[in-house]
Amino acid sequence: MIELQGLTKTYAGKDVVEEVSLRVESGEFGVLIGPSGCGKSTTLRMINRLIPITRGRILLGDEDVTELPPEQLRRRIGYAIQSTGLFPHWTVAENIAVVPGLLKWPKQRIDARIDELLNLFHLDAGEFRHKYPHQLSGGQAQRVGVARALAADPEALLMDEPFGAVDPLTRDVLQNEMLRVHRQTGKTIVFVTHDMDEALKLASRIAILNAGRLVQYDRPIELLTQPADEFVRNFIGKADLGLKLLSRRWVYQYQQSAEILEQPSSFHHDRSSVTHGWEIDDQGRPLCLHGGRLYAEESEQRTRVTHEWSATPDMTMKEALSRMVWFRVMVLPVLDEQERLIGEVAMQGVMGREP
Amino acid sequence: MHSTKVSKGESEGLVANRVLLTLLVAALIGAALLPFAAMAPNRLVSGQSVGLVSALLAWQWGTLGLLAVLLGLCALSRPFSLPAAYRLVLVAAPLWLLLVLYGLGSYADRALEDASSAARISQGAAFWIVAFCPVLMIVDAFQRLHTNLALRSLYAALLAGSVAAMFALDVFDGLAILREYANNRELFAAEFATHLRLVASALGPALAIGLPLGLLAHRRSGARGPLFGLLNFFQTIPSIALFALLVAPLAALSEALPFLRALGVKGIGATPAIIALIMYALLPIVRNTYAGFAGVAATTLEAARGMGMTSRQILWRVEIPLALPVILSGLRIVTVQAIGLTVVAALIGAGGLGSFIFQGLGQYAIDLVLLGAVPTIALAVVADFLLQILVAISKPAGAR
Ligand SMILES: Nc1ncnc2c1ncn2[C@@H]1O[C@H](COP(=O)(O)OP(=O)(O)O)[C@@H](O)[C@H]1O
Ligand SMILES: [Mg+2]
């Protein structure tokens, strides 16, 4: 748990962070967002005391951070930054080993931890352990940067625009990995970004800052549906509001049962009250969709199920909707990890139900 | 990069390697027009010049001619491919060099057979040209081949070993410079040691003062301007003037403070020389130390701090290792510079190889001058090469 109480930072008589109070509960994914220069980094860097606090208090669990020696405090809090800050003269393994080494872990424990973390980020330990930072792609370097921040199993993780400098495709992959790693480790995270889509995707709570002040601290859905003021409304953006909402909703919330056709050849739109049905193989994997098209003249057609044209329960509804539009169908099959049909999600459902 | 160079060379037509061709032409013109060696009846009068062809035996200049033809073909785009041509240069050029050295030595032996014992054989301008051109050809070929340092070092060691073997086999004993050496054997060893001692006694304190000052310049931006201003000022004082300027105040100090006198501090001799050398060495050391530290990325330091490293740990584990190659480059500059400047220190009685040079100049004995100059140059080249290796080793594996 990290709690800021009336946190203030003054530079040359000017408050760049002003009376910020908020609490990131244990295991929560807190995101600080706001326009450039609004004091996000300053706030974050006061938590691990890279910047001295002018006024107010910061609690880590039940300890006041100013009562700990700064180096010891920092070894208990992971820190990852946009440019990775990997040490160019050390290998990936040596970089990850920094904080465990400072904490004097035995060598075997450090080695095991390095392998564990590389595995967590799907980096082959045999291949990556001995690479140098300049031999890594941007995405790989960023993964190593986060792995290094997690190395000594810190109580919390601070991240300052960690994915700001990677290309959009890689950023999306890294965000998904971050969500997975957060789920698997249950770390308390404070994450700084200026990208609203990133915040909506990752955060369990979002703090919006403007000119050093906290404007709203809420769950993403509430931020979208009940913005505190005009600034928040503008910052979220009026465009894509519906889509932004869907990016916080998941397929499993909209999943319905799917109609399995026993005798696929007998399916005809006009002879049946059902508008569509699924043909499956003997393992329960969907083969094709009968009907389910937008226009009546298309509804006799079968649509082959492919990997791209399907959904998983943990996919966002925004992504599911995007796939429906792209493949011109009214329903998507929902598949489990073995690619078996476990339900469907339909266009009508997106419009109709509030989960 | 390499391949573009190759295609560019070929598209230019017949000549593929202009550097090699230029060096070869320079060597041939030098050999044709300038004296290769000179013979004098005694040490103090100037001698009678001898050209390369008349000084060398027929097989010697004949072989040199054949090697020249081979090197000429290497410079052309046909018949050899470029990499093959560079490798051939690496074989032909050292053979040329060793043959020139051997030829000079054997000429001296033959010429002295029926001459008085006072007679002197010295090397002439053509010798220096014909000996230096192949060295430059070798350096050029290595650069074009992008050979790694280990192979270059091995090659240089082999070549240096061959030359050393010729010395050991008394090939050069007939030459005046070695006669001078034979006459001054003990003195030479002493002055050589003094030279090294002066350089080392200047570099030690220069590092001890310069490294912290470089760090200070990095940490305190306010100190930077005045510090570099002062060090730049030292650098602009001509060396002879600086040596001379130090004599009077040091003499006065030594006069006034008996304990300094007891330590051997005097107005002339080693003390002013070492102080002057330190003053010259400071600027490159401080500048490179500062540049080395300033080159460490701010984000690397922020990450180090954010992970809980102490300032001392950051200095020793992050900043110094990353700055070391640049700092050692500064040491390389300073070492070569100090070896050269120490020659001048002989003027104020500090000794060293410079004493042969000034003694020789005073007596118009050029061979004595060379006895001081040639080892100084060799020392500088060797020190430069060794420090170059050190710089390469100090580069972090991740950045090599
Ligand atoms: N060392 C400093 N001295 C003076 N002003 C600073 C300093 N560091 C940051 N600021 C100012 O504080 C404000 C907040 O900066 P920062 O927290 O880095 O913003 P961001 O939200 O973009 O991360 C900015 O206006 C910046 O100019
Ligand atoms: Mg920032």
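Chains as they are written, first to last, in UniProt numbering: chain A, 1 to 355; chain B, 1 to 400.
All residues carry an ideal CB built from backbone N, CA and C; glycine is no exception.
As the structure is a prediction and not an experimental result, all values here were calculated from the model.
Cβ shell of residue i (< 8 angstroms), same chain only, five flanking positions each side left out
{"i": "B/V391", "result": "P325, L328, S329 and R332"}
{"i": "B/G72", "result": "L21 and L24"}
{"i": "B/Q337", "result": "Y280, A281 and P284"}
{"i": "A/L341", "result": "A258, I260, W278, I280, G284, R285, P286, P333, V334 and L335"}
{"i": "A/M315", "result": "W250 and V251"}
{"i": "A/Q135", "result": "none"}
{"i": "B/V344", "result": "S239, I240, F243 and G354"}
{"i": "B/R152", "result": "F142"}
Neighbourhood of residue i by C-beta distance below 6 angstroms, restricted to the same chain and skipping five residues each side
{"i": "A/S272", "result": "Because A/S272 carries a pLDDT of 49, less than 50, the predicted location of this residue cannot be relied on, and no value is offered for it."}
{"i": "A/P88", "result": "P133"}
{"i": "A/G46", "result": "What sits at residue 46 of chain A in the sequence shown is Met, not Gly. Excluding positions up to five away in sequence, the list reads I53."}
{"i": "A/G349", "result": "Y254"}
{"i": "A/Q216", "result": "I208, A228 and V232"}
{"i": "B/Q235", "result": "L283"}
{"i": "A/A311", "result": "V251, A320, L332, V334 and V345"}
{"i": "B/P94", "result": "L159"}
{"i": "A/L223", "result": "I206"}
{"i": "B/K266", "result": "S254"}
{"i": "A/A199", "result": "V31, I33, T193 and I206"}
{"i": "A/R76", "result": "P154 and E155"}
{"i": "B/G105", "result": "V171 and F172"}
{"i": "B/S122", "result": "A38, A176 and D367"}
{"i": "A/A93", "result": "I114 and R129"}
Residue i CB to nearest heavy atom of ligand 2 below 7 angstroms
{"i": "A/V192", "result": "yes"}
{"i": "A/S41", "result": "yes"}
{"i": "A/L279", "result": "Note on identity: in this sequence residue 279 of chain A is Glu, with Leu being the wrong assignment. False, no ligand heavy atom lies under 7 angstroms from that Cβ."}
{"i": "B/E302", "result": "no"}
{"i": "A/D160", "result": "yes"}
Close beta carbons around residue i, own chain, < 7 angstroms, minus the five adjacent residues each side
{"i": "B/L231", "result": "L282, L283 and V286"}
{"i": "B/A350", "result": "L198, G269, A270 and A273"}
{"i": "A/L202", "result": "F29, V31, Q175, M178, L179 and F191"}
{"i": "B/L149", "result": "I389 and A392"}
{"i": "A/L17", "result": "According to the sequence shown, residue 17 of chain A is Val rather than Leu. The residues are L7, T8, K9, G39, T42, T43 and G212."}
{"i": "A/V305", "result": "P286, L287, C288, L289 and P333"}
{"i": "B/L136", "result": "L23"}
{"i": "B/A141", "result": "Y86, V89 and L90"}
{"i": "B/L99", "result": "Q60, T63 and L64"}
{"i": "A/A149", "result": "G78, Y79, A80 and L157"}
Residue i: CB within 7 angstroms of a non-hydrogen atom of ligand 1
{"i": "A/A112", "result": "no"}
{"i": "B/S221", "result": "no"}
{"i": "A/Y11", "result": "yes"}
{"i": "A/S36", "result": "yes"}
{"i": "A/V16", "result": "yes"}
Inset, instruction - Assess, as a yes-or-no matter, whether the segment 157-176 of chain B is touched by the segment 301-319 of chain B under the definition of 3 or more beta carbon pairs within less than 8 angstroms. - result: Output reads no: the segment 157-176 of chain B does not touch the segment 301-319 of chain B.
Inset, instruction - Tell me the start and end of each unbroken beta strand (DSSP E) in the segment 208-275 of chain A that is at least 3 residues and wholly inside, in chain order. - result: Entirely contained in the segment 208-275 of chain A, the beta strand (DSSP E) runs reaching 3 residues are, in chain order, 213-218.
Inset, instruction - Report the residue ranges of all beta strand (DSSP E) runs contained in full by the segment 142-172 of chain B; include only those spanning at least 3 residues, in chain order. - result: Entirely contained in the segment 142-172 of chain B, not one beta strand (DSSP E) run reaches 3 residues.
Legend entry - Touch test, the segment 126-146 of chain B against the segment 81-95 of chain B, Cβ-Cβ under 8 angstroms, three pairs minimum: Under the Cβ criterion (8 angstroms, minimum of three pairs), the segment 126-146 of chain B counts as touching the segment 81-95 of chain B.
Inset, instruction - Please confirm if the segment 203-216 of chain A is in contact with the segment 28-41 of chain A, defined as three or more CB-CB distances below 8 angstroms between the two stretches. - result: Output reads yes: the segment 28-41 of chain A touches the segment 203-216 of chain A.
Legend entry - alpha helix (DSSP H) segments (min. 4 residues) lying fully within the segment 144-174 of chain A: Within the segment 144-174 of chain A, no complete alpha helix (DSSP H) run reaches 4 residues.
Inset, instruction - Would you be able to state if there are at least three C-beta pairs under 8 angstroms between the segment 168-184 of chain A and the segment 55-68 of chain A? - result: Segment contact: the segment 55-68 of chain A against the segment 168-184 of chain A, fewer than three CB-CB distances shorter than 8 angstroms; contact not assigned.
Inset, instruction - Count the CB pairs spanning the segment 143-151 of chain A and the segment 113-128 of chain A that are closer than 8 angstroms, and state whether there are at least three. - result: The segment 143-151 of chain A, when compared against the segment 113-128 of chain A, does touch it at the 8 angstroms Cβ threshold.
Inset, instruction - Return the chain-ordered ranges of every beta strand (DSSP E) run that is complete within the segment 11-78 of chain B and spans a minimum of 3 residues. - result: Here the runs fully enclosed are 37-40 and 48-50.
Legend entry - Every unbroken alpha helix (DSSP H) inside the segment 76-147 of chain A [4 residues or more]: Fully enclosed alpha helix (DSSP H) runs of no fewer than 4 residues occupy 92-96, 98-102, 107-120 and 125-128 of the segment 76-147 of chain A, in order along the chain.
Inset, instruction - Scan the segment 245-277 of chain B and note each continuous alpha helix (DSSP H) run of 4 residues or more that stays entirely inside, going in chain order. - result: Positions of the alpha helix (DSSP H) runs, each at least 4 residues long and wholly inside the segment 245-277 of chain B, are given as 258-262 in order along the chain.
Inset, instruction - Could you say if the segment 208-217 of chain B and the segment 352-362 of chain B meet the contact criterion of at least three C-beta pairs nearer than 8 angstroms? - result: They do not touch, by the three-pair rule.
Legend entry - Meets three-Cβ-pair contact criterion under 8 angstroms: the segment 183-201 of chain B and the segment 339-350 of chain B: The segment 183-201 of chain B vs the segment 339-350 of chain B: in contact.
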